[in-house]
Every structure is written in structure tokens, then in C-alpha cells.
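Below is one structure, written out as C-alpha cells, with a few remarks after it.
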Amino acid sequence: MLALLYTTGSPFARAVRIVLDEIGLDYERHEKIAAPSSGQLAPPTLQVPTFWDGDLKLWDSGTIVEYLLSTFPQRPAVEPPLANQAFRANALWRDKLVFSTIQTFG
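The sequence shown runs 341 to 446 under the working numbering.
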């Protein structure tokens, strides 16, 4: 099941919603007026948008869009990564979350 948590008016969430709509995916929408608190369906960084694909949870809009474009075949073909042998395919999305979280600190 695909789901998206976002706040009203977020340009980052808007970009993700546009990609989801362009690809034509059905997803569950969780729209909030304000940023989520730690007690809600939020990631550890309390960032929105947050996207779920089953057990996978992503929370950086760039990472979410890249995941959508690389995972769903309805999208137009794009070039392969420039260094496809230099990354760990089995840890790609975890690595991206680590890097996007580090960016929030500095």
C-alpha cells in the first residue's frame, strides 16, 4: 500500500504529489495542517512529506521522487546511474535517508 503524509501548502509535498499523479499511482493521502508530532505517523526527523511503500518509509522529497521514478515502470526511461557499480543496491534507500538526515543538521 502506498501512502503519503504531507502538510497543506508544502512545496516539497506538492512535488511528490505531482510525480505520483503523473505516474498514475493510487495512494492513501494523510494531509495535516501543521507538521506532525512524534506521536503521529512521522519519521524520526519529523519531516514531511513522508512516503510509505509497504514497510519502506522515506521522508526526503528528492529521495521519494527518485524512488518513485526508479521503482515504477510507468515512468519514462531514464539513464542508468553514472556509477552503478559504486553504490550498494541493497542499502540504497537507507543510505539516501542517512544522507538526507545529515543535511538537516548543517
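Using N, Cα and C, we set each Cβ at its ideal position, and we do this for glycine too.
From a predicted model like this one, the values you see are computed outputs, not experimental measurements.
Legend entry - Per-residue DSSP class, three states only, for W433: Translated into positions along the sequence shown, residue 433 becomes position 93. Here W433 sits in helix by DSSP.
Legend entry - C-beta contact flag for V405 and V359 at 7 Å: Locating residue 405 in the sequence shown gives position 65, counting from the first residue. Locating residue 359 in the sequence shown gives position 19, counting from the first residue. Using a Cβ distance threshold of 7 Å, V405 and V359 count as a contacting pair.
Inset, instruction - Per DSSP, which residues does Y346 bridge with? Please list them. - result: For the purposes of this step, residue 346 is identified with residue 6 of the sequence shown, where counting begins at 1. According to DSSP, Y346 bridges with E371.
Inset, instruction - Taking L396 as the reference, give the member of R354, L432 and F352 with the closest Cα. - result: Within the sequence shown, numbered from 1, the residue matching residue 396 stands at position 56. Out of R354, L432 and F352, L432 has the C-alpha closest to the C-alpha of L396.
Inset, instruction - Report yes if the CB atom of V356 is closer than 7 Å to the CB atom of S401, and no otherwise. - result: The count along the sequence shown starts at 1 and reaches residue 356 at position 16. The count along the sequence shown starts at 1 and reaches residue 401 at position 61. Taking 7 Å as the cut-off, the beta carbon of V356 is found closer than this to the beta carbon of S401.
Inset, instruction - Would you decide whether T348 is buried or exposed? Buried here means 16 or more other CB atoms lie within 10 Å of its CB. - result: Walking along the sequence shown from the start, residue 348 turns up at place 8. The residue in question, T348, is exposed, as its Cβ has fewer than 16 Cβ neighbours within 10 Å.
Legend entry - Spatially closest choice to L386 from G394, K372 and D393, by CA coordinates: Translated into the one-based positions of the sequence shown, residue 386 becomes position 46. With distances taken between Cα atoms, L386 lies closest to K372.
Legend entry - Burial state of T411 (16 or more Cβ within 10 Å): Taking the sequence shown and counting its residues from 1, one reaches residue 411 at position 71. By the neighbour-count rule (16 or more Cβ atoms within 10 Å), T411 is not buried but exposed.
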